[in-house]
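Student:
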Amino acid sequence: MVDFAGWALPVSYPDLSHVESHHHTRKGVSIFDVSHMLQLHIHGKDRIKFIESILVADVESLAVNTGTLSLMTTEEGGIIDDCIVHKSSAGFLNLVCNAGCAEKDLAHITERSQAAISAGLDVTVEVKPKHSLIAVQGPKMSQFCSKVFRTISHSCISTTQPWWTCGGYRVGLLGADTLEKMVSRSRYQMVRQWS
Numbered sequence: 000m001v002d003f004a005g006w007a008l009p010v011s012y013p014d015l016s017h018v019e020s021h022h023h024t025r026k027g028v029s030i031f032d033v034s035h036m037l038q039l040h041i042h043g044k045d046r047i048k049f050i051e052s053i054l055v056a057d058v059e060s061l062a063v064n065t066g067t068l069s070l071m072t073t074e075e076g077g078i079i080d081d082c083i084v085h086k087s088s089a090g091f092l093n094l095v096c097n098a099g100c101a102e103k104d105l106a107h108i109t110e111r112s113q114a115a116i117s118a119g120l121d122v123t124v125e126v127k128p129k130h131s132l133i134a135v136q137g138p139k140m141s142q143f144c145s146k147v148f149r150t151i152s153h154s155c156i157s158t159t160q161p162w163w164t165c166g167g168y169r170v171g172l173l174g175a176d177t178l179e180k181m182v183s184r185s186r187y188q189m190v191r192q193w194s
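Below is the structure:
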C-alpha cells in the first residue's frame with residue numbers, strides 16, 4: 000500500500016506481478032475502487048454552459064446517460080487536468096477528476112463557478128465525498144457485467160442490481176473498455192460482495 004492524495008492504494012498484489020496484473024486487465028477484466036477520485040455533481044439550468052466554459056468537451060451534444068473523457072482548461076486554453084464528464088438523466092452533470100489534482104481542480108472549478116454565478120448563471124457545484132467510484136475495465140468488461148446488467152450499449156448502462164441506483168457510464172480509458180459507476184458509501188459493501 001502507498002499513500003496517494005491521502006488514500007491508501009495498493010500498487011501490487013501478492014499473487015500477481017506488476018506485468019501479470021497489467022495483462023490480466025488488458026486481456027480480461029479487473030475491478031478497481033477509484034473512490035480517491037474527486038467526484039462532483041454540477042446542477043442548475045446553466046450547468047452545460049458552465050461546464051463547457053471549463054472543459055473542451057461538447058457536452059451539449061452528448062446523449063443523456065453518456066460520458067466522455069475531456070480536458071479542463073484555463074481561460075487561455077492551457078491544460079489543468081483531464082477528467083470525465085457524464086450527462087445524467089437525473090438532471091445534473093457528473094464530473095470525475097484526478098485525486099492527485101483534486102485540490103487544484105476544485106479551486107479552479109469553485110472560482111469559475113463563483114464567477115459564473117456572479118454573471119447570472121444558474122449553476123451549483125456539489126462535492127460528493129460520501130460516494131465511492133467503481134471502475135470495471137478490460138475487453139471482457141461487457142461479458143463480466145452481463146451477469147448484473149440488462150443492457151450494455153455504447154455508453155448507457157441499465158442495471159438489475161438494487162445497489163446501482165442509476166446507470167453508470169461507459170468510456171474507453173487507457174485503450175480499454177471501461178464502465179464507471181458512482182455508488183453511495185453506504186452501499187459500497189454490497190458492491191464489494193458482488194465483486
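Residue numbers 0 to 194, in numbering that gives the first Met the number 0, belong to the letters of the sequence shown in order.
We put the CB at the ideal spot given by N, CA and C, even for glycine.
These numbers come from a predicted model, not from an experiment.
Would you kindly work out how many angstroms separate the C-alpha atoms of Ala56 and Phe49, rounded to a whole number?
Tutor: Numbered from 1 along the sequence shown, position 57 holds the residue referred to as residue 56. Numbered from 1 along the sequence shown, position 50 holds the residue referred to as residue 49. Straight-line Cα distance between these residues: approximately 12 Å.
Student: Excluding the 5 residues preceding and the 5 following Trp6 in the sequence, name in chain order all residues of the same chain whose CB lies nearer than 8 Å to its CB.
Tutor: In the sequence shown, residue 6 corresponds to position 7, counting from 1. Correct list, in chain order: Ser34, His35 and Ala98.
Student: Starting from Leu28, trace the alpha helix (DSSP H) both ways and give me its first and last residue.
Tutor: Mapped onto the sequence shown, residue 28 falls at position 29. This sequence places Val at residue 28; Leu is not what is there. Segment: none, Val28 is in no alpha helix (DSSP H) and carries neither H nor E.
Student: Within 9 Å of any Cβ in chain D, is that where the Cβ of Leu105 sits?
Tutor: Protein chain content of the structure displayed is limited to a single chain, and chain D is not contained in it.
Student: Can you tell me whether DSSP reads Thr123 as helix, strand or coil?
Tutor: The residue you call residue 123 lines up with position 124 of the sequence shown. Reduced to three states, the DSSP call for Thr123 is strand.
Student: According to DSSP, what are the bridge partners of Asn93?
Tutor: Translated into the one-based positions of the sequence shown, residue 93 becomes position 94. Paired residue(s): His40 and His85.
Student: When the Cα atoms are used, what is the spatial distance from Thr164 to Ala134?
Tutor: If you number the sequence shown from 1, residue 164 lands on position 165. If you number the sequence shown from 1, residue 134 lands on position 135. Reliability of the predicted coordinates at Thr164 is poor, the pLDDT of 41 falling under 50, and the value obtained from them is presented with this limitation in mind. Rounded to the nearest angstrom, the two C-alpha atoms are 16 Å apart.
Student: On the three-pair Cβ rule with 8 Å, is the segment 77-92 touching the segment 59-67?
Tutor: Because the criterion of three Cβ pairs below 8 Å is met, the segment 77-92 and the segment 59-67 touch.
Student: Where does the unbroken beta strand (DSSP E) through Leu70 begin, and where does it stop?
Tutor: On the sequence shown, residue 70 is found 71 positions in, with the first residue counted as 1. Unbroken beta strand (DSSP E) run through Leu70: Thr65 to Thr72.
Student: Would you tell me roughly how many angstroms separate the C-alpha atoms of Val18 and Ser11, rounded to the nearest one?
Tutor: The residue labelled residue 18 in the question sits at position 19 within the sequence shown. The residue labelled residue 11 in the question sits at position 12 within the sequence shown. Answer to the nearest angstrom: the Cα atoms are 10 Å apart.
Student: Which residues in the same chain have their Cβ closer than 8 Å to the Cβ of Val28, if we skip the five residues on either side of it in sequence?
Tutor: What you label residue 28 is simply residue 29 of the sequence shown in a count that begins at 1. Closer than 8 Å at Cβ, skipping near neighbours: Val135, Gln136, Gly137, Pro138, Lys139, Met140, Gln142 and Phe143.
Student: Tell me where the alpha helix (DSSP H) around His107 begins and ends.
Tutor: In the sequence shown, residue 107 corresponds to position 108, counting from 1. First-last of the alpha helix (DSSP H) with His107: Ala101 to Ser117.
Student: Out of Met0, Gly43 and Gln113, state which residue places its alpha-carbon closest to the alpha-carbon of Pro13.
Tutor: By one-based count along the sequence shown, residue 13 stands at place 14. Considering only alpha carbons, the answer is Met0.
Student: Over what stretch of residues does the beta strand (DSSP E) that includes Ser131 continue unbroken?
Tutor: Position 132 of the sequence shown, counted from the start, is the residue given in the question as residue 131. Looking at the DSSP string, the run of the beta strand (DSSP E) that includes Ser131 is His130 to Gln136.
Student: If you draw a straight line from the alpha carbon of Pro161 to that of Lys129, how long is it in whole angstroms?
Tutor: Position 162 of the sequence shown, counted from the start, is the residue given in the question as residue 161. Position 130 of the sequence shown, counted from the start, is the residue given in the question as residue 129. Since pLDDT at Pro161 reaches only 40, below the 50 mark, its modelled position is unreliable, and the value read off the structure follows with that caveat. One C-alpha to the other measures close to 18 Å.
Student: Quick one, are the C-beta atoms of Ala115 and Asp45 less than 9 Å apart?
Tutor: Residue mapping note: residue 115 aligns to position 116 of the sequence shown, counting from 1. Residue mapping note: residue 45 aligns to position 46 of the sequence shown, counting from 1. Closer than 9 Å, so yes.
Student: List the endpoints of the continuous beta strand (DSSP E) containing Leu8.
Tutor: In the sequence shown, the residue the question calls residue 8 occupies position 9. First-last of the beta strand (DSSP E) with Leu8: Trp6 to Leu8.
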